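S.K.: Shown below is the structure under consideration.
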Amino acid sequence: MSLNPMQRRAVMATEGPLLVLAGAGSGKTTVLIRRIENLMRFGRGSDCNLVPRDINEDMIKALKTRTGRCEEYAQVLPVSPWQILAITFTNKAADELKARLEASLGEAALDIWACTFHSACVRMLRRDADRLGFSKSFTIYDTQDSVSLIKQIFKDKNIDDKKLSPKQILSVISKAKTANRTAEEYYREAQSSDDLLMQKVSEIYSEYSRRMKSADSMDFDDLLLYTVRLLQGNEDVRDYWQNRFKYVLIDEYQDTNFLQYLFASLVTGRENNICVVGDDDQSIYKFRGATIENILGFEDNYENCRTIRLEQNYRSTGHILAAANSVISNNYGRKGKNLWTEKGNGELVTVYCCDNERDEGQYVAGQIIAMNRDGDNFRDFAVLYRMNAQSNSIEYALKRNGIPYRIIGGTRFFDRAEVKDVLAYMNVSAAPNDDLRLERIINMPPRGIGAKTVDTARSIAVQTGKSLFEIISAADRYPELARSATRLMQFGEMIRSFAAFAENNGTDAIYDEIVEKTGYLTYLEGKNTPEDTARAENVKELKTSVLTYMEESGDETLDGYLANIALYTDLDNYDSDSDAVTLMTVHSSKGLEFKTVFVTGMEETIFPGMSSLTSQEDLEEERRLCYVAITRAKTKLFLLCARQRLIFGRTNANRVSRFIDEIPEEHVHKYIPRGYGYSEPGFDYYSPRTAGDYYEYTPVKTRTEQRTQERSAYTPPARKAAPAQITLEPGERVTHKAFGPGTVSKLTPMGGDFLVEINFDGAGPKKLMLRAAGQFITK
DNA sequence: CGCACCACAATTTTT
DNA sequence: TTGTGGTGCG
């Protein structure tokens, strides 16, 4: 009832292939949810001729009074929850979907597969990975791991990494995988071609694959590639999943790659009940292999496809939408769509040209303070930029003005060296043959096993075709290793003990065991530098993550935990509850919305970026990115540029972004000095130094300056309804599951939650959000 | 083993 | 400007 006609059509068209072109802010998620509800309640009732088309409220009422029943008449083969597969791109989106489905459908929602491509693949592979030469408890490599592995291969094969960078090789390999080419196939192809680079890469790809297999590991691309192969090569497996999933839904379809397209078509059964939702104008991940052709060609790939456009925007006011529409209309390769709103024009878009990047920051800070004074919360603001390097000047200004902010992106908690070390121990305990991770920890904390020893051991491993773990476990059998044999075997013994311990203990106990027996924490704490103290904190924080996972999933297994965090990103950590301004790249902002948005660095060579200026295709992607940025704003939009900008240690004078000039004048308020950049002379020049814009200066540190000191670590994602609430009072003695006993020192209400400060006897003072941490605290 | 020093390069990154 | 990776020395 609350849907508009187009949304309703998208919900009710249950049968066959359906393409939903959903503009920004058009209620896409609502449609997805209502569609699933509809499937479960009425099956195909809304999309077949067994139920009268023109059924209306009166008829329903009549039916109800006459028979006392109603719903049954409109029901045709209602769908069971486990027959639905809903794929999203981020864990966050998946969690949100799950939460909203659970809210409206209750328990039943738990059986719906609402997950990311990658986690869907993991679930399928856990069932049948043995058919592909992996164990069912294979581990997952992240990009860093993959790079390290390539580097190792370079070393072993004496390849000069000056000429070919590991990252480049990896991206070629990734492209090959995305094009559904296994190492063997790619190798064969390369042999019969005269492309020397390809031949070289194919050798590395083969070796990489071999080592991944012997480490029983898959990288992100492998998860998809192997799943696709599993489905393509095994009729019984394919039948199993196709019979199971009667209805497949895919969100953000514009960002899928070729493999994901294959995956989607392979899990979709004969009835072709596949519904994809996306917006070709928001396709911004071409550089990661996304092919916009998937969405542009959907109607050709699926016969009898129906297409529905959602163009009514519920997010932004008129001028903002007009700006977005006119910018994107300069692109050629698009389906064509025009957003409209019933909201009225709203405020004009502000275009403001600053002197330099510091003024830009100050302008943003000044505006935020003014609007905050008028009643806006800090969480109503987002500052967007094209690249992370731009964040520093903004941070500086915000800090200086005492504005709370949070940065999305940058180094993930799970990417930090110390966290990866402990995780490597956990991984190796589950899979000792993981050479890469074994090497990572073999001398961490230092235990007298030097680089030379490891080199020797590894070369023996390569020669004998055994794993590093096997070599070091029998180190006394190799005379070359005689000198460190004892230490090596001791280490091997320790790993074996962890593996045995892991057999019959929960993940939290395994964590404790590892941290204790390796002395890793003691080692960090003993160094007594602020950096190492911060690292120690992060290691302790990891326990919180373990406990949170166990709590939320009810899964105690090490494999489960490791797979879960391998697929976890920083964005999942984003908690909109705390009252702070959000800083992030335009890419990370996709899918979010804010009352007020500042887009900084609207200059040629920044946005559009330097390397997009030469290619039409890349420029169009930048334009889509700009479209994404603009459509994040609900009521106020600021587009900022600076006539001089210090970036990467150099000062540049850039012209105003062409995207600004693509917005018709009637939608903007321009403050640009005369004779500057592209613009017409004659606009007002507003000095950014207006009284009241500046605030007392206090020395502050920006992110990069304080990285190691204040890494805010891992915050458990705020999911589901709050667990049983605990009430605390200052002065009270409590015990935290990870940090031990302590005294409550302070309670501060914050965003419907409480910030609790506890002085832990062992771990020192800590600030925790009650809603998230309460479950770990006992009195 | 750990540190100091230097050269080098830097879009964007849902997994 | 900044982080990173390599090298060489005590």
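Once you know that position 54 of the first sequence is 49 in our numbering, the rest is easy, because the numbers rise by one and skip nothing.
For each residue, glycine too, the CB sits at the ideal point set by N, CA and C.
Bear in mind that the values here come from a model prediction, so they are computed numbers and not experimental data.
1) Apply the 10 Å Cβ neighbour rule to E536 and answer buried if 16 or more other Cβ atoms are within range, or exposed otherwise.
2) G236 lies in the alpha helix (DSSP H); which residues open and close that run?
3) I403 and T577 look like a contact to me (Cβ under 8 Å); what is the Cβ gap, rounded to whole Å?
4) Taking the CB atoms as reference points, tell me whether V581 and V534 lie closer together than 8 Å.
5) Keeping to the same chain, check which residues put their C-beta closer than 8 Å to that of Q194; ignore five residues upstream and five downstream.
6) Taking three-plus beta-carbon pairs below 8 Å as touching, is the region 286 to 298 in contact with the region 630 to 637?
7) Express the C-alpha separation of S141 and Y412 in angstroms, rounding to a whole number.
8) Go ahead and label W335 buried or exposed: buried means 16 or more other beta carbons lie within 10 angstroms of its beta carbon, across all protein chains shown.
9) If you pair each beta-carbon of the region 266 to 274 with each one of the region 18 to 37, do three or more pairs fall below 8 Å?
10) Using the C-alpha atoms, what's the distance from R432 back to D137?
11) Can you tell me whether Y515 is helix, strand or coil according to DSSP?
12) Could you give the first and the last residue of the continuous beta strand (DSSP E) run that contains T730?
13) Just curious, the alpha helix (DSSP H) that H664 is in, first and last residue?
14) Can the beta-carbon of Y182 be found closer than 8 Å to that of S169?
15) Decide if E661 is buried, meaning its Cβ has at least 16 other Cβ atoms within 10 Å, or exposed.
16) When you compare only the Cα positions, how much space is there between T9 and E288?
17) Assuming N422 and D429 form a contact by the criterion Cβ under 8 Å, report the distance between their Cβ atoms to the nearest whole angstrom.
18) In its own chain, which residues sit with a C-beta less than 6 Å from the C-beta of T448, not counting the 5 before and 5 after it?
19) Which same chain residues end up closer than 7 Å to Y280 when comparing Cβ atoms and leaving out the 5 residues on each side of it in sequence?
20) In angstroms, rounded to a whole number, what distance separates the CA positions of V729 and T773?
21) Please go through the same chain and pick out, in chain order, the residues whose beta-carbon is closer than 7 Å to the beta-carbon of G735, but skip the five residues on each side of it.
22) Buried or exposed for A426, going by 16 or more other Cβ atoms inside 10 Å?
23) Note down, in chain order, each residue of its chain lying with its Cβ closer than 7 Å to the Cβ of I436, except the 5 sequence neighbours on either side.
24) Determine, using beta carbons only, whether V344 and F593 come nearer to each other than 8 Å.
25) Using the Cα positions of K146 and R407, report the straight-line distance between them to the nearest angstrom.
26) Identify, in the order they occur along the chain, each residue of the same chain with its Cβ nearer than 6 Å to the Cβ of I600, setting aside the five sequence neighbours on each side.
27) On the DSSP bridge list, what partners appear for K415?
28) I need the boundaries of the beta strand (DSSP E) containing G356, first residue and last residue.
29) Roughly how many angstroms separate the alpha carbons of T286 and F253, rounded to a whole number?
30) How far does the alpha helix (DSSP H) with K778 in it extend, from its first residue to its last?
31) Under three-state DSSP, which class holds F589?
32) The alpha helix (DSSP H) spanning N92 covers which residue range?
33) How would you write the range of the beta strand (DSSP E) that G273 sits in, first residue to last?
34) When you compare only the Cα positions, how much space is there between N268 and A318?
35) Determine the contact status of T83 and T111, defining contact as a CB-CB distance below 8 Å.
36) Taking one C-beta from the region -1 to 9 and one from the region 44 to 56 each time, how about it: are there three or more such pairs within less than 8 Å?
M.R.: Reading off the structure:
1) buried
2) Reading the sequence as shown, one finds Trp at residue 236 and not Gly. W236 -> alpha helix (DSSP H) spans E230 to R239.
3) Yes, I403 and T577 are in contact; Cβ-Cβ is about 6 Å, under 8 Å.
4) No. Outside cutoff.
5) A185, Q186 and S188
6) At 8 Å Cβ cutoff, the stretches do not touch.
7) Note on residue identity: the sequence assigns Ala, not Tyr, to residue 412. Approximately 15 Å, taken between the alpha carbons.
8) exposed
9) yes
10) 12 Å
11) Helix, per DSSP.
12) R728 to H731
13) Note, H664: premise wrong, no alpha helix (DSSP H); beta strand (DSSP E) at V663 to Y666.
14) no
15) exposed
16) 24 Å
17) 6 Å
18) Apart from the 5 residues on each side of it in sequence, T448 sits with its Cβ closer than 6 Å to the Cβ of S479 in its chain, given in chain order.
19) D250
20) 6 Å
21) F755, D756, G757 and A758
22) buried
23) D416, A419, Y420 and V423
24) no
25) 22 Å
26) Residue identity differs from the one stated: residue 600 is Thr in this sequence, not Ile. Only N649 meet the Cβ criterion.
27) Note: K415 sits in no beta bridge, so no partner.
28) First-last for G356: E352 to R368, but that is the alpha helix (DSSP H), not the beta strand (DSSP E).
29) So the alpha carbons of these two residues sit roughly 7 Å apart.
30) Absent from the model: residue 778. The displayed extent of the chain is -4 to 774, so no value can be given.
31) strand
32) Rather than Asn, the amino acid found at residue 92 in this sequence is Leu. Per DSSP, L92 belongs to the alpha helix (DSSP H) from N86 to L100.
33) Where G273 is concerned, the enclosing beta strand (DSSP E) stretches over I269 to G273.
34) 36 Å
35) yes
36) Contact fails: fewer than three Cβ-Cβ distances are below 8 Å.
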